[in-house]
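Chains as they are written, first to last, in this note's numbering: chain A, 1 to 341; chain B, 1001 to 1341; chain C, 2001 to 2341; chain D, 3001 to 3341. Glycine residues also receive a C-beta, built at the ideal position from the N, C-alpha and C atoms. All figures in this text were calculated on a predicted structure; none of them were measured in a lab.
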């Protein structure tokens, strides 16, 4: 059956899989001490235009979020995140399990509201009893957000300046970064992100890999013993090659961007399709996740021919659902969808 | 100088201190295995009308909150609290440090909004992906709240019924419980609280003791090995007698209630005093904490003769401040205040 | 270059890789809610002769150890392990990071000494102050151990009986379980292990998979919300299929045992080879890891033609090294080794 | 009944209690922001001969150990302690609960064996795979130890030099420090300890106070936001004055040393008493804790007239017990004991 359920419902891009097959019998040291991992790191630094950054490969998104946050913060320090952020809602409390509070501030279409952040920080630093409170030391954002939206370059710059003013780190969750970078409505490049964030990651799992995320620390920002600590957090693989080989292939000649672009092109077609038939959008998303409002009749009808994700109940009659495209979505898939909706 | 800064600025009530002096040379086992602690537990159970409850003495309020929450919850479970709750804001992240998320919901004058709790729980249980979220298993409220307000008996009953419906525990932080019980505007008794809460505590530190809180678990609700776990949480004293002796005196013949009543009587006088002079109240508090709105001129003037607490900035010209009475506040103090404001 | 460095230096067994290729374009739900994962679970239960057990797939060994231990224990409870156990030494403190003490007892050739366990428990339960100590609630063993040795069926039965007597759980780390089961010198079968352990895992990473371990809980032993908690611990993959597909192939027709047997056959040949040339064994290992004592000259010479692992310095002149075979080791590899040593 | 059960079975020294009574009605800010706490800090720095050190008052011994260790270490770092150390055995796993491993090394009569520490560190730093292990960053010792023994100045100097060589901190648990300093067989002074340790504490609870320990950080060694973090750990009191006033009195004119000397004098008399009657000592302790070996008959007989502590079973017929003197032990107590044993 046709599926727009999510961007991680099929395996890896065929070239990524081929790379795994091709390198399978090579004898390589464990834990990422291998030539492919090394090469993948170089390719990523180059794509970021950040030769002095440091790159690590971790097993998945939640693992990366908790490892980065818990190692960048010290005891008693907290991370500010939008209410709708992945770490706020959908990581089963993994951040708090590391002992750190997530300070949840308001979100507009999934994006952290910088003004609200500033008010929070001004109030915090104006309170003489703030030694009884957690110390905000990091801002977490996802880009694209959980609602498919994107920060503009000026918004990222603003958040970074807030971080600089208050001694905080800017951490960008790029689980779907490719789709953000290839959006037709963005002014943000990978080097921009590398320059503006203290740490961010380039998602593999949702962009053509079987698993794996590439964490990039700006120069001098890598926490002490970060490699060891990924083990404590469950973010390390014995056969580290599994991630290294995949990212090497994804960044060898721009495959990561090419397949992200495919998802964006299909998403734009999908958007026009729904728009042309008068469907209502819950949000104006410039990336691979499209949020549509369906009434009960539409819901039941479309469900029969196509899988998608439930997002939230809007009212008795209407539901927000998500259609996601991916590296694997074809023009034929969009055409088939056209016949159903 | 006159002080209404808080209810913990003087030592212990003189009778409490005398009890410490009187028992000082008795040879007693450590960790609360002594006759005074035993007796204090009996007196408290009797006052609660709950012979089958279990009572433990812990060293302070934050210690009690974190020990109770962390031992009642299992990994991956969370506590719902109002945004303005002590555990949400002013315990330096002590709850999250135990690995548990505090789900902060809206507060009205410091009180948790039961409707918002119900909506949260309905949404949670209606979401098929809630296995990726923390499981709400406890409701935390303070009574009186951080704003001096009180829950009615029907409100407590409502919260308890929500807990029963969703398999949650109701935990009441009674750091200032005496002031709530002796308020002229409450229909809630100590036995009511003992009957409605799975666990609550009777605050000593802010009600006439040097330190110590009495945790009361309803029958069958004490977590396994609770005594041992208080050690992990830093809530245990080697000389447990220090708390046992104080609570024995406080509950021997109703001293706890008598001194709480003194604070309430003085607070009412203070309230009338401010009202009579046309001051504006930020909140209508029926307990020992009174929140007044001062303009800059008033602020500067009163500050010279009397200590009070800054609460929050209202606007450029106005500030919310807190005046707190306590077991030690005298009629003379109120009269002196009258001359200043 | 010839390599006996470890059992995780090459990718996956070719049939495992083929299964990944074959299923790659199938549209499957995430987090292990897919048909291959379901099927793999059935196959494993069948191989274990334990239809009422529950099977979960976690990403790696350390993740599995910490998730199982932290979810089976409650706060203040501890796990007993041999000093040389993987969780005692080589998991970067991942167990303690979850808040639980590892009580390290003596080991004989990598195996926990049951007598020492009994003495420890008798002392503990005989101590009236043991409420100030952690409560031992689990025994952790690895099988094969980190020294390649194996527990006999009667030894496992003894450990289980200790667990039953003291209300403890028996947890067996089977990161290399296949090699233990196919050893020529074992009387322990997979159904024996399933019957004797409260929980154990069947290692994939070191036995032919790219990643993944299959945790098996005996009937009624699965911790509440275990699936959710694997997320907190970093043990969950979004594309859960990656592990499900691999285990489905490994257990479809006994591939797991067949490739384990290959490693054992090669290890026996390797052992005879070293023995025939008069080398000294540090330990008499019946599995795929062989520990040889080399003098400096041998060390330097062999190193040139073949990779192996440093284990420990024995004295100024001698070093213990490890040669490991795996699913991929061929008769030709052993012959080539013969020419080098 | 006569009691030598422990050094915390009576309340506070009478002068300490009087100080609490005397200051009881003073209006003082909470959390240790008061003049007595300030003064106590000055007196302690002076007694330590360390004007640039920083002093904090925490509520009890376990709280102090876990707060100091958890705030001085970073994630993935561990503390080395003797097997018989308080943090190894009798703090209910409070250290591990903060996420840090206690590396338990051998102990001789309660003292950490420096040679064993060096071997451990050499092995650790010689192991190329030590990134999979916890990083030893602190040495914990107690002085006097749990067996009443003392480190010599040269032993402390040796431990400090090991710390300096390996980038570790030396932390001395002085829960019974007074008894160590006033021992007739010590060459270690309080300024020595202040000079040799990165951090240590001066115990109040077991040396004449109702509660409270004074933590002393050498210049530059205080962890960032230490005050706030004591709250997370449950080591802070709202009425901080309770500890400040007691330590002010204890250090005003050498009371701490005077009462410690009393305990030592009585312990020497007790020792001679047992020796003169031919009793066997388990250990030769130069401080207030004396460990005697009793046979069953002696055990039963003495128990009737005098309380003491069970320590450990030696064999079927013999038991090690502890007699502890304290600030309150009188010559009459020793004489009375003489009639019983």
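Beta-carbon spacing of residue i, residue j below 9 angstroms
{"i": "residue 2137 of chain C", "j": "residue 2169 of chain C", "result": "yes"}
{"i": "residue 2975 of chain D", "j": "residue 230 of chain A", "result": "Residue 2975 of chain D is absent from the structure shown; chain D starts at 3001 and stops at 3341."}
{"i": "residue 1009 of chain B", "j": "residue 3030 of chain D", "result": "yes"}
{"i": "residue 3250 of chain D", "j": "residue 3016 of chain D", "result": "yes"}
{"i": "residue 3263 of chain D", "j": "residue 3002 of chain D", "result": "no"}
{"i": "residue 2291 of chain C", "j": "residue 2283 of chain C", "result": "yes"}
{"i": "residue 2325 of chain C", "j": "residue 2144 of chain C", "result": "no"}
{"i": "residue 343 of chain A", "j": "residue 12 of chain A", "result": "Any property of residue 343 of chain A remains undetermined from this structure, which presents chain A solely from 1 to 341."}
{"i": "residue 1080 of chain B", "j": "residue 1120 of chain B", "result": "yes"}
{"i": "residue 115 of chain A", "j": "residue 82 of chain A", "result": "no"}
{"i": "residue 3248 of chain D", "j": "residue 3040 of chain D", "result": "yes"}
{"i": "residue 3090 of chain D", "j": "residue 2096 of chain C", "result": "no"}
{"i": "residue 2183 of chain C", "j": "residue 2266 of chain C", "result": "no"}
{"i": "residue 3173 of chain D", "j": "residue 3141 of chain D", "result": "yes"}
Cross-strand partners of residue i (DSSP beta bridge)
{"i": "residue 3138 of chain D", "result": "D:3079, D:3169"}
{"i": "residue 3264 of chain D", "result": "DSSP lists no partner for residue 3264 of chain D."}
{"i": "residue 3112 of chain D", "result": "D:3107"}
{"i": "residue 2143 of chain C", "result": "DSSP lists no partner for residue 2143 of chain C."}
{"i": "residue 3313 of chain D", "result": "D:3319"}
{"i": "residue 3 of chain A", "result": "A:307"}
{"i": "residue 2281 of chain C", "result": "C:2292"}
{"i": "residue 102 of chain A", "result": "A:79"}
N- and C-terminal bounds of the alpha helix (DSSP H) containing residue i
{"i": "residue 1044 of chain B", "result": "1035 to 1048"}
{"i": "residue 66 of chain A", "result": "61 to 72"}
{"i": "residue 1095 of chain B", "result": "1094 to 1097"}
{"i": "residue 179 of chain A", "result": "177 to 181"}
{"i": "residue 2338 of chain C", "result": "2331 to 2340"}
{"i": "residue 342 of chain A", "result": "Outside the displayed span of chain A (1 to 341) sits residue 342 of chain A, for which this structure offers no information."}
For residue j and residue i, believed in contact at Cβ under 8 angstroms, the rounded distance
{"i": "residue 233 of chain A", "j": "residue 2234 of chain C", "result": "5 angstroms"}
{"i": "residue 1337 of chain B", "j": "residue 1318 of chain B", "result": "Wrong, their Cβ atoms sit about 20 angstroms apart, outside the cutoff."}
{"i": "residue 1060 of chain B", "j": "residue 1222 of chain B", "result": "So it is not a contact: roughly 20 angstroms between Cβ atoms."}
{"i": "residue 2149 of chain C", "j": "residue 2118 of chain C", "result": "With 8 angstroms as the limit, residue 2149 of chain C and residue 2118 of chain C do not qualify as a contact, their Cβ atoms being about 20 angstroms apart."}
{"i": "residue 3171 of chain D", "j": "residue 3197 of chain D", "result": "7 angstroms"}
{"i": "residue 2036 of chain C", "j": "residue 2252 of chain C", "result": "Not a contact, Cβ separation roughly 10 angstroms."}
Delimiting residues of the beta strand (DSSP E) encompassing residue i
{"i": "residue 2322 of chain C", "result": "2318 to 2324"}
{"i": "residue 952 of chain B", "result": "In the structure as shown, chain B starts at 1001 and stops at 1341, and residue 952 of chain B therefore has no counterpart that could be examined."}
{"i": "residue 2010 of chain C", "result": "First-last for residue 2010 of chain C: undefined, no H or E at that position."}
{"i": "residue 2202 of chain C", "result": "2199 to 2203"}
{"i": "residue 1215 of chain B", "result": "1213 to 1217"}
{"i": "residue 1056 of chain B", "result": "1054 to 1058"}
Cβ-based contacts, 9 angstroms cut-off: residues of the stretch 3019 to 3032 of chain D near chain B: 3020, 3021, 3023, 3024, 3025, 3026, 3027, 3028, 3029, 3030
Residues of the stretch 3097 to 3108 of chain D whose Cβ lies closer than 9 angstroms to any Cβ of chain C, in chain order: 3097, 3098, 3099, 3100, 3101, 3102, 3104
Cβ-based contacts, 8 angstroms cut-off: residues of the stretch 1062 to 1081 of chain B near chain C: 1070, 1071, 1074, 1075, 1076
Near-chain C residues of the stretch 3111 to 3128 of chain D - C-beta to any C-beta below 9 angstroms: 3123, 3126, 3127, 3128
Cβ-based contacts, 8 angstroms cut-off: residues of the stretch 3228 to 3243 of chain D near chain B: 3228, 3229, 3231, 3232, 3233, 3234, 3235, 3236, 3237, 3238, 3239, 3241, 3242
Interfacial residues, the stretch 3006 to 3017 of chain D to chain B, with Cβ spacing under 7 angstroms: 3006, 3008, 3009, 3010, 3011, 3012, 3017
Residues in the stretch 2201 to 2230 of chain C having any Cβ partner in chain A nearer than 8 angstroms: 2205, 2206, 2210, 2211, 2228, 2229
Proximal residues, the stretch 164 to 198 of chain A versus chain D, C-beta separation under 9 angstroms: none
Within 8 angstroms of chain C by C-beta, residues of the stretch 1267 to 1282 of chain B in sequence order: none
Cβ-based contacts, 8 angstroms cut-off: residues of the stretch 46 to 62 of chain A near chain C: 59, 60, 61, 62
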